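Student: Quick note, the first sequence lines up with residues 372 to 1088 if you use our numbering. Cβ atoms here follow ideal geometry from the backbone N, Cα and C, with glycine treated the same way. Note that the coordinates shown come from a computational prediction; the quantities given were computed from them, not determined experimentally. Quick one: this structure, given as structure tokens, is what I'll be asking you about.
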Amino acid sequence: MFAAASPIAPSVPVTATATVLSAPDIDSSDTNPTADEALPPRWARGLNPDQRAAVEHDGAPLLIVAGAGTGKTRTLVARVGRLIDEGANPDRILLLTFTRRSAAELISRVGSMTDHQRATQIWGGTFHSVANRLLRRLGPSIGLPAGFTVLDPADAADLIGIVRAELGLAERRSRFPKKQTIAALYSRMVNSQAPLTQMLDESYPWLRPHIDDLRGVFAAYTERKRAHQVLDYDDLLLFWRALVASPEVGPHLRTLFDHILVDEYQDTNALQSDIVFGTTGPTTQVTVVGDDAQAIYGFRAATVANLWAFAERFEGAVTTKLEQNYRSTPQILHAANAMLAESDVHIAKRLWTERDGGRQPELITAHDEAAQSNLVCDQILALREEGVDLRQQAVLYRANHHSDHLELELARRDIPYVKFGGLKFLEAAHVKDLLAALRVLDNPSDQLAWYRVLGMLEGVGPATTKRIADSLGIADGEPEALDRFLSSPPQVPPAAADGVTELREAMADCEVGDLTPAEQIERLLRFFAMVFPRRYPDSVVRLGDLEQLQTTAGAYHDRSRFLTEVTLDPPDRSSDLAGPPHVDDDWITLSTIHSAKGCEWEAVHLIHAADGNLPADMALSDSDGLEEERRLLYVAMTRARDVLNISFPLRYHTRRYGRDDDYQLAPVSRFLEPVRSAFHEWGSSPQQATADELLLELTSVTVVDEVDNGVAALWGS
DNA sequence: TGGTCGCCAATTTTT
DNA sequence: TTGGCGACCA
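Structure, rendered in structure tokens:
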């Protein structure tokens, strides 16, 4: 009922073996145009009938349900290319994507298809970056100062930590939730638009007794943000929606765009759906693309209900499906389809391919984690021998630390790798230090930035920081705080005297001199060079990082702009600053499944596919969480073109009881158990493992008899 | 005695 | 990399 039959797209046979349909072969249609008098326009080349229908649709709101590997990006690019070709004004096209990187890629591909210059005029980016752009321009008309500062999530949590302490909730025994927990709760509340009581009942039942205190923290946090003119990520969305709702600005906003296109619509939340709806005017054509089988951001309050209810919210909407897969072998598709069959995705679709041949995906049981790392390295190298470059291979896993052991083994064997989704650049302490100093200059009411900067001084801890801050009037959000700090030295412990002098001089130079952002960073670096050696053992490396950041800042003339861009679109890791070692180097990609969304590789090695890791234990409490884990596995499997190797260790060593030789036995992921026949299976057998464990027990357990009997029983069978 | 500093354990997924 | 706990300094 949700996926109404589309009037514009022919329905596609849903069996995996259907090869009758006349979907054009991409390669031959690109190189061998048969229609000699009228070449199809560039955007139409190589599209299959379903894709072409989606590209050419005009009028009613359009939902494109695009399965994994069905040419979703190609279709989106072609659609935008067609619009521009046919005279649409690019700066009246809004293209909302999940990451900034995918927006940039889409726009660049549109550019090479049409006109590069015109393509760059498209409003492209994440919801957050577009919100920022709109609010700088239109914010003042709803009472938002144009000079607001954007807080990254870590800063937001720190600010919550401050008000939490100020409200006296940080006392020893109160067992009040930590700042990260409160921040996560707050963010989910905003993004799902659910009331606190409901949020607590559904997701945080153990916090129920603290409901009044939590309300107090939220109120104080909101008040503090207002006083200091800072917005967190969620506020960017909230204020965009406020623009939409405003009687003055709303109607104007709805005339800005002729076309709104949203990618990854299954991973948008309630607030984002409101925004798209509210930004759509009577003459705006809305197109959303998504796949409910790939919804993996429920923990961030994303809801596939947006996708399911699209046709209800956007009246007269039509739905079209893309089901022909151009990526994977039939064997891989079969395994993925079978695994997903049990799930509760609403929009029926079955991927099929014209490809034939290919090897069976493998399900590998490893003796333990060390064996798994070894096996994976062996396979990576074997594939490289066969001609599959490392660049065409990836190792995927559920949680960041799952790659720890493998990384050691890769390093030992000199296999180069690049890791995605790990520690964020913004989370590196030294980067936060530098940005805090710039933020103090940029917005002297930014209490959080002040606290961080002052706390860097020797002999100055939380208590002294607060004392100095109070004497400067920072807690009250007085912008004169900076002038006071620069005109007379605050009272500090003797150890901090030199540091505070250098800091004041550096900031004064940045304030009065007409310095570019890069020059200001250069000036501040002298202060950092003073305090870093005491603060960080690897201070030289960190200072080097900051010099790289200085280079990056060279592209900006405006300090506020630089700060906002870095906050909303940070480089992935610190090493990004230095760039990849050599362009012609070959390296393998390590990534969480979440970060692998939208990517594909010739060979995918999925590790730690053990129950407890995938699905993760944390997700087992409710069925929604469990289903999301299943879709996560589906996303991982469908990243592979030719080779899919899934492995899991039979046992995990734990140190829970203080001994290194403790272990837990782990079965294969419950999602894979029913579809084992789709795999070529090999590795250690569970029976063998259990006997091994019991032998191990023999050496360390005192109740020898029982264990002995257990071993005898097993070996007897 | 208040406050800083050093050492230890633990960490789902992210715009 | 954060937080918690204990040692040491004014």
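For a minimum of 3 consecutive residues, which ranges assigned as the beta strand (DSSP E) are wholly contained in the region 789-858?
Tutor: none
Student: Quick check: the Cα distance between T963 and D993, rounded to an integer number of angstroms?
Tutor: 22 Å
Student: Over what stretch of residues does the alpha helix (DSSP H) that includes P534 continue unbroken?
Tutor: One detail in the question is off: residue 534 reads as Val in this sequence, not Pro. Unbroken alpha helix (DSSP H) run through V534: 524-537.
Student: Identify which residue in P412, A680, L632, R595 has its Cα closest to the Cα of M484.
Tutor: When each option's Cα is compared against that of M484, the closest is P412.
Student: In whole angstroms, what is the alpha-carbon distance linking E778 and L843?
Tutor: So the alpha carbons of these two residues sit roughly 48 Å apart.
Student: Identify the residues that DSSP records as bridge partners of T736: which are they?
Tutor: According to DSSP, T736 bridges with F1019, G1054.
Student: Would S1040 be called buried (16 or more neighbouring beta carbons within 10 Å of its own) or exposed?
Tutor: S1040 should be labelled buried.
Student: How long is the line joining the alpha carbons of D401 and R416, rounded to whole angstroms?
Tutor: With a pLDDT of 40 at D401, under the threshold of 50, the predicted position of this residue should be treated as unreliable, and no value is reported.
Student: Going along the chain, which residues of its own chain have a beta-carbon closer than 6 Å to the beta-carbon of F791, five neighbours each way excluded?
Tutor: Once the five neighbours on either side are set aside, the close Cβ partners of F791 are S962, S966.
Student: Within a Cβ cutoff of 8 Å, which residues of the same chain sit near V647, ignoring the five residues on either side of it in sequence?
Tutor: L467, I631, V633, T639, V657, V659
Student: Roughly how many whole angstroms lie between the Cα atoms of P1098 and E1052?
Tutor: Any property of residue 1098 remains undetermined from this structure, which presents the chain solely from 372 to 1088.
Student: Is M827 buried or exposed, if buried means 16 or more other CB atoms sit within 10 Å of its CB?
Tutor: buried
Student: Please name the residue or residues paired with A437 in a DSSP beta bridge.
Tutor: L693
Student: Secondary structure at R721, three-state DSSP: helix, strand or coil?
Tutor: Three-state result, R721: coil.
Student: Once the 5 residues before and after C970 are set aside, which same chain residues still bring their CB inside 7 Å of it?
Tutor: R1010
Student: Counting Cβ pairs closer than 8 Å, one from the region 708-716 and one from the region 679-688, do we hit at least three?
Tutor: Taking 8 Å as the limit for Cβ pairs, the verdict is that the region 679-688 does not touch the region 708-716.
Student: Which residue comes first and which comes last in the beta strand (DSSP E) that contains G661?
Tutor: 656-661
Student: Would you tell me roughly how many angstroms separate the C-alpha atoms of L530 and L812, rounded to the nearest one?
Tutor: 18 Å
Student: Give me the DSSP bridge partner(s) of S962.
Tutor: Its beta-bridge partners are L767, F791.
Student: Based on Cα-Cα distance, which residue from L418, R1047, W414, L410 lies nearest to E733?
Tutor: R1047
Student: Using DSSP bridges, identify the partner residues of V633.
Tutor: L467, V659
Student: Would the region 977-988 count as touching the region 754-771 if we require 3 or more Cβ pairs under 8 Å?
Tutor: Touching, yes.
Student: Leaving out the 5 sequence neighbours to the left and right, which residues in its chain are closer than 6 Å to A672 when beta-carbon positions are compared?
Tutor: R559, N562, S563, N640
Student: Whose C-beta lies closer than 7 Å to the C-beta of L571 among residues of the same chain, with five residues either side of it excluded?
Tutor: L578, R579, I582
Student: Going by DSSP, which residues form a beta bridge with N640?
Tutor: A673
Student: Please list the terminal residues of the continuous beta strand (DSSP E) segment that includes V615.
Tutor: That residue, V615, is in no beta strand (DSSP E); its alpha helix (DSSP H) goes 604-616.
Student: What do you get for R586, buried or exposed, if any count of 16 or more other CB atoms within 10 angstroms of its CB means buried?
Tutor: exposed
Student: First and last residue of the alpha helix (DSSP H) that includes H776?
Tutor: 775-783
Student: Name the residue from Y592, V620, D785, F899 whose alpha carbon lies nearest to the alpha carbon of L538.
Tutor: Y592
Student: How long is the line joining the alpha carbons of G496 and T441, rounded to whole angstroms?
Tutor: Whole-angstrom Cα-Cα distance: 23 Å.
Student: Are the beta-carbon atoms belonging to A820 and A807 less than 7 Å from one another?
Tutor: yes
Student: Rounded to a whole number of angstroms, what is the C-alpha to C-alpha distance between H717 and D663?
Tutor: 7 Å
Student: Looking only at C-alpha atoms, which of I786, W494, L627 sits nearest to Q750?
Tutor: Of the residues I786, W494, L627, the one whose Cα lies closest to the Cα of Q750 is I786.
Student: Would you please state the rounded distance, in angstroms, between the beta carbons of S1018 and Q743? I believe it to be under 8 Å.
Tutor: 5 Å
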